[in-house]
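Before any comments, here is the structure.
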Amino acid sequence: MGIPFLGEIPMNPQLRVNADQGQLQENFSADNPSRPALEHVAEQTAIRVVQELLSGPAMPTLEVL
3 MGIPFLGEIP
13 MNPQLRVNAD
23 QGQLQENFSA
33 DNPSRPALEH
43 VAEQTAIRVV
53 QELLSGPAMP
63 TLEVL
């Protein structure tokens with residue numbers, strides 16, 4: 003499918019609870035055991051975005067019938 007693997011995040015029900023309550027910043031608190039994994043995925047996402055931007059604009063294609 004061409005989808006890059008950005009990392010894995012361990013199952014932690016508190017991540018969902020924080021998201022449901024609109025408290026996403028709590029997922030990055032120092033005492034959250036999922037923090038390193040979340041930061042890794044965020045970093046990998048940023049790297050992929052920059053790589054795509056630096057690769058140049060996508061050119062349109064013209065299909066010849």
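All residue numbers for the sequence shown refer to the numbering used here, where the first residue is 3 and numbers rise by one. Backbone N, C-alpha and C define an ideal beta-carbon position, used for all residues, glycine too.
- Excluding five sequence positions before and after residue 26, the CB atoms of its chain that fall closer than 8 Å to its own CB belong to 20, given in chain order.
- Short of 7 Å from the beta carbon of residue 36, and not among the five residues preceding or following it, lie these beta carbons of its own chain, in chain order: 11, 12, 14, 17, 29.
- For residue 22, the three-state secondary structure derived from DSSP is helix.
- One thing to note: residue 9 has its Cβ within 7 Å of the Cβ of residue 43.
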